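Student: Provided herewith is a single structure, encoded as structure tokens, for subsequent inquiry.
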Amino acid sequence: MLHERIREIRRSKNVKQTVMANTLGITVQAYSMKERGRRPITTVELELIAAVLDVPVSLFFSEGEKINEKLN
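Next up, the structure:
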């Protein structure tokens, strides 16, 4: 699922939830809820997340691919 891919990529890049929350202008708790699938992620937020993680948005939708292979 989208929120799981975002969390996986963020962790692989060693980016803290605090950085993501600050970028989106929301609390860490609100961001955490997005990564757990409890709050929706808007298109604008998805683009900001991709920019911070320095990955294309399409990477969030790549099914079954190992993240570390795509990032190297």
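The sequence shown maps to residues 139 to 210 in the working numbering. We put the CB at the ideal spot given by N, CA and C, even for glycine. Model, not experiment: these values are computed from the prediction.
(1) Under three-state DSSP, which class holds Glu201?
(2) Between Val153 and Val190, what straight-line distance do the alpha-carbon atoms span, to the nearest angstrom?
(3) In chain order, what residues of the same chain lie with their CB nearer than 7 Å to the CB of Lys172, ignoring the 5 residues before and after it?
(4) Work out the CA separation of Thr156 and Ile164 for me, nearest whole Å.
(5) DSSP three-state label for Thr218, please.
(6) What residue range does the alpha helix (DSSP H) around Val154 cover?
Tutor: Per the coordinate set shown:
(1) Of the three classes helix, strand and coil, the one that applies to Glu201 here is coil, per DSSP.
(2) Approximately 9 Å between the Cα atoms of the pair.
(3) Hits under 7 Å: His141, Ile179.
(4) C-alpha separation (whole angstroms): 9 Å.
(5) This structure cannot settle anything about residue 218, because the visible part of the chain is limited to 139 through 210.
(6) Residue identity check: residue 154 is Lys in the sequence provided, not Val. Element bounds for Lys154: n/a, residue is neither H nor E.
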